[in-house]
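Q: Dumping the structure here so I can ask a few things about it.
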Amino acid sequence: MRKSKLLAVTAIAATASLAISDARADDLTLCWAAWDPANALVELSKDFEAESGHNMSFEFVPWPNFADRMLNELNSGGKLCDLMIGDSQWIGLGAEAGHYIKLNDFFDAQGITMDDFIPATVTGYAEWPKGTPNYWALPAFGDVVGWTYRKDWFSRPELQAEFSEMHGRDLGVPASLQEFKEIAEFFQGREIDGKTVYGASIYTERGSEGITMGVTNVLYNYGFEYGNPDNPYELEGFVNSAEAAAGLEFYKELYDCCTPPGSSDWYMSENIDAYKSGQVAMQMNFAFIWPGVHADPNVGGDRSGYFPNPPGPGGHFAQLGGQGISVVSYSDSQDAALEYIKWFAQPGIQAKWWELGGYSALRAVVEDPGFASSQPYAQTFLDSMAIVKDFWAEPAYASLLLSMQDRVHNFVVAGNGTAQEALDALVEDWVEVFEDEGKL
Amino acid sequence: MSASPIERAAASTPSSLARRIRSFSDRSLAWIFVAPTIFLLLAINIFPLIWTIRLSFTNYRANRPNADVKFIGLRNYERILTDGDIWLTMQATAHFLFWTLVIQVVIGFALAWCINQKFRGNNLWTTIIVLPMMLSPAVVGNFWTFHYQPQIGLFNYAVSFLTGADPSSFSMIGDVALAPWAIVIVDTWMWTPFVMLICLAGLRSIPDYIYEAAECDRASKWRQFWTITVPMVLPFLMLAVLFRGIENFKMFDLVVQLTGGGPGSTTELTSINLKREAFEKWRTGYSSAYAVILFVTIFGLASIYVKALNRVKER
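Line order of the protein sequences matches chains A and B.
For the first sequence, position 73 (counting from the first letter as 1) is numbered 73 according to the numbering used here, and the numbering increases by one without interruption.
For the second sequence, position 173 (counting from the first letter as 1) is numbered 1173 according to the numbering used here, and the numbering increases by one without interruption.
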């Protein structure tokens, strides 16, 4: 009798423990772009698996196909992704089309406050409508366009002397876009170590978002605005102002004078390749590449330096990159997904995220006194994050983006028409989009 | 003697079912057999076509399933037909279509004529020539982007070798004047063998006795070519043009891999433009109207062409 009771108790305990573990162990799929930070996140998430008992799997798609693939998934109500680290511009669509769940109540319940994150990342990655305390994501990866340069070439005495004689100043980090262009011109076509090198690799890619992410770094600094600050969808005179046209002309001049031959459709990976293979003196790219550059055997360590996007005549800004992490509303494992976000928001995890190569957006991490000196590019990251501006995050962002890609590429790379005509046509396109959206 | 499979199947059919089948007329039986195919055709081809036409009169967007769908009449058609950018993509498509067809027909026919001459290694050369069309367009597009690289590209070096120009002084896929030709060259490289094979079939279908009779009549080789070879191969050539024309009108993968439609919109063919409208901008209603216009255009042109082809065959 005693034996049978013992068996029964054991059986009940075993069943109960199975039931409990079943309830706890979820299979979570996190979707993101296939790039270096994603590998760091896989490493980081092992701690979450160990802590929570959930199994993590990952769906990473290369950048050029990322938006196509993931937006199709969201638009079709797919259940592939439980967690989505979607591009910052998707936030409007994610919120309005019901792809993401709203996180305000969850944040309140868990004591997560957006005051703990870099303000620009909260606005850029989490809020919709912008400027309102409605949160659809937790800032996950801070990113911004900046510049990498060949410090070893810049410090060569013979180049220093020649540049100084030409321009009356030292060959160093440019203090303005004009100075940047002069440096790029200086290096263009120059023989260094028996190889012909070029000034700079800049974003010119047409198919996804490349040239827009590049040209905005110049447009912002020449005075381009997305619209009237007091009347958001009033575009005329802001998008196509004379200052904005001058900025667009500058970008074209930069493309014509100072980029490697054949760089008519280059984005992140092509710029990295050009830089690492010693083709260019400077490269435009998102900050996520800096850990990889620093570790590179050919151009890493002291051979490379980093600087924020230089100011122009109309201001000092840089294009925001980066993403927030959201819970997909079609997921069957929303509780586990929220658990992941709660875990990810912890300061200790965020500090480890930075150590592994992920750019944390948590102020406790980036405002730590040791942060700026923790990596050679950390200070540049901080300086760049302080001057960010982002593209439209409207639900119709894709239409707005593709129009800009077409208009800008048509002028900068194809050389069709004038800068003013390109921006005027862009205003027409955008007005049509907003009319279709019922916002005009 | 053992029963045939048909007899065995008939024997195993329950008698009640067999009685019912026997009561069907031939026409009913034909319908029963054809019905699944017709159903599939309706479900996969006809219904989507009707649905696309319906959507083309609305402002529907597939990425906003919950938004109100408004009937907007002919607004989408009006927008497309008055949009200068769409006409530019039509021009780019026409340029691509015209030159690929002309060059492929000329080279394909010339190659077929050469291969049709009996010489040693004939089969080996045929195999080598048809290799490009066995490759995936995505692969072809990718490796030609390397051939076209100004600094390391084989194509640029070949041009440089022949002309003495600096290989990095021109960019086939980055220059507005050269990019339309860059895609024509690659499509020609890949698909000329297809035209060649069809022409070869035509050439080999001409009986030798016709040439022998011409020889007896002392017709020159030139005259034989124009009065026997060309007319008899013409239906085959026209067929090749029809196939390549339809394929190149909807060309997508090769060009996307090569130029992505750039520089600017120089090589943005209609299919690329349509894909961007439908699946990147998600203007479903608008792109449905666009698809209907393209469908009508291809269908109309193909019908006229097939009529001409039939006339040539009847001659």
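By construction, the Cβ of each residue, glycine as well, lies at the ideal position given by its N, Cα and C atoms.
So is Tyr1211(B) in contact with chain A if we call contact Cβ pairs under 9 Å?
A: With 9 Å as the cut-off, Tyr1211(B) does not count as an interface residue toward chain A.
Q: Distance, Cα to Cα, Arg1008(B) vs Ala1308(B)?
A: Distance between the alpha carbons of Arg1008(B) and Ala1308(B) is about 51 Å.
Q: Applying the criterion that 16 or more other CB atoms from any shown protein chain within 10 Å of the CB defines a buried residue, is Ile183(A) buried or exposed?
A: Classification of Ile183(A): buried, given that the 10 Å Cβ count is 16 or more.
Q: Under a three-way DSSP split, which group does Glu367(A) fall into?
A: The answer is coil: DSSP assigns Glu367(A) none of H, G, I, E or B.
Q: Less than 7 Å between C-beta atoms, sequence neighbours within five positions excluded: which residues of the same chain meet that for Asn207(A)?
A: The displayed chain sequence assigns Gly, not Asn, to residue 207(A). Contacts found: Pro64.
Q: For Ser201(A), count neighbouring Cβ atoms within 10 angstroms of its own Cβ and tell me buried if that reaches 16, exposed if not.
A: Ser201(A) comes out buried.
Q: Per the DSSP calculation, Val145(A) is bridged to which residue(s)?
A: Answer by DSSP bridge pairing, in chain order: Phe286(A).
Q: Can you tell me whether Leu103(A) is helix, strand or coil according to DSSP?
A: If DSSP states are grouped into helix, strand and coil, Leu103(A) belongs with coil.
Q: Rank Asp302(A), Leu362(A), Leu356(A), Val431(A) by C-alpha distance to the C-alpha of Met114(A) and give the top, closest one.
A: The residue with the shortest Cα to Cα distance from Met114(A) is Leu362(A).
Q: Glu446(A) and Val427(A): beta carbons closer than 9 Å?
A: No statement about residue 446(A) is possible, as the shown extent of chain A runs from 1 to 440 and does not include it.
Q: Counting pairs of Cβ atoms below 8 Å between the stretch 1135-1147 of chain B and the stretch 1260-1269 of chain B, do you hit three or more?
A: No, because fewer than three Cβ pairs between the stretch 1135-1147 of chain B and the stretch 1260-1269 of chain B fall closer than 8 Å, the two stretches do not touch.
Q: Pick from Asp332(A), His409(A), Gly300(A): whose alpha carbon is nearest that of Thr148(A)?
A: If we check each option's Cα against that of Thr148(A), Gly300(A) comes out closest.
Q: May I have the straight-line CA-CA distance separating Val443(A) from Glu437(A), to the nearest angstrom?
A: Outside the modelled stretch of chain A, which goes from 1 to 440, sits residue 443(A), for which no answer is possible.
Q: Among the residues of its own chain, which have a CB less than 8 Å from the CB of Ser1169(B), if the five just before and after it don't count?
A: The residues are Pro1150.
Q: With Cys31(A) as the anchor, note down where its beta strand (DSSP E) starts and where it stops.
A: Note, Cys31(A): beta strand (DSSP E), 27-33.
Q: Return the first residue and the last residue of the alpha helix (DSSP H) that Asn39(A) is part of.
A: Note, Asn39(A): alpha helix (DSSP H), 36-52.
Q: Relative to the ligand FMN, is the shortest distance from any of its heavy atoms to the C-beta of Ile1053(B) smaller than 8 Å?
A: This structure does not include the ligand FMN; it has no bound ligands of any sort.
Q: CA-CA distance, Ala1138(B) and Glu209(A)?
A: Using only the alpha carbons, I get a separation of about 21 Å.
Q: Quick one: is Gly86(A) near chain B, going by C-beta distance under 9 Å?
A: No, because no Cβ of chain B sits closer than 9 Å to the Cβ of Gly86(A).
Q: Whole angstroms is fine: what's the gap from Asp1083(B)'s alpha carbon to Asp424(A)'s?
A: Their Cα atoms are separated by approximately 16 Å.
Q: Check whether chain B comes within 9 Å of Pro260(A), counting only Cβ atoms and requiring the distance to be less than that.
A: By this cut-off, Pro260(A) is an interface position.
Q: Inspect the beta-carbon positions of Gly1202(B) and Gly262(A) and report whether they are closer than 9 Å.
A: The answer is no: Cβ separation not under 9 Å.
Q: Take Lys130(A) and list the residues in its own chain whose beta-carbon comes closer than 7 Å to its own, dropping the five residues that flank it on each side.
A: For Lys130(A), where only same-chain residues beyond five positions count, the Cβ hits under 7 Å are Thr123, Ala393.
Q: Below 8 Å, can you find three or more Cβ-Cβ pairs linking the stretch 300-312 of chain A to the stretch 374-381 of chain A?
A: Touching, yes, given that three or more Cβ pairs across the two stretches are closer than 8 Å.
Q: Can you list, in chain order, the residues of its chain whose CB lies under 6 Å from that of Ile112(A), leaving out five sequence neighbours each side?
A: If we look at Ile112(A) and ignore the five residues flanking it on each side, its Cβ neighbours are Ala345.
Q: Starting from the C-beta of Ala25(A), find all residues in its chain whose C-beta is less than 7 Å away, skip the five residues before and the five after it, and write them out in chain order.
A: Same-chain partners within the cutoff: Gly53, His54, Asn55.
Q: Around the C-beta of Val1296(B), are 16 or more other C-beta atoms found within 10 angstroms, so that it is buried, or is it exposed?
A: By the 10 Å Cβ count, Val1296(B) comes out exposed.
Q: With 16 other CB atoms within 10 Å as the buried threshold, where does Cys1216(B) fall?
A: Label assigned to Cys1216(B): exposed.
Q: Do you know offhand how far Leu1049(B)'s Cα is from Pro311(A)'s?
A: If I take the Cα positions, the gap works out to 53 Å.
Q: With a CB to CB cut of under 8 Å and the five nearest residues on each side skipped, what residues in its chain are close to Ser329(A)?
A: For Ser329(A), where only same-chain residues beyond five positions count, the Cβ hits under 8 Å are Gly98, His99, Tyr100, Ile101.
Q: Assuming Gln178(A) is part of the alpha helix (DSSP H), what are its boundary residues?
A: Start and end: 177-187.
Q: What is the rounded straight-line gap between the Cα of Arg1054(B) and the Cα of Gly1285(B)?
A: Their backbone Cα atoms lie some 9 Å apart in a straight line.
Q: Which same chain residues end up closer than 7 Å to Tyr1305(B) when comparing Cβ atoms and leaving out the 5 residues on each side of it in sequence?
A: Same-chain partners within the cutoff: Leu1242.
Q: Is Ala97(A) helix, strand or coil by DSSP?
A: Note: Ala97(A) maps to coil in three-state DSSP.
Q: Going straight from the alpha carbon of Gly189(A) to that of Asp1166(B), what length do you get?
A: Cα to Cα, Gly189(A) sits roughly 13 Å from Asp1166(B).
Q: Could you tell me whether the Cβ of Asn68(A) comes closer than 9 Å to any Cβ of chain B?
A: It should be pointed out that residue 68(A) corresponds to Asp in this sequence rather than to Asn. It does: the Cβ of Asp68(A) has a partner Cβ on chain B nearer than 9 Å.
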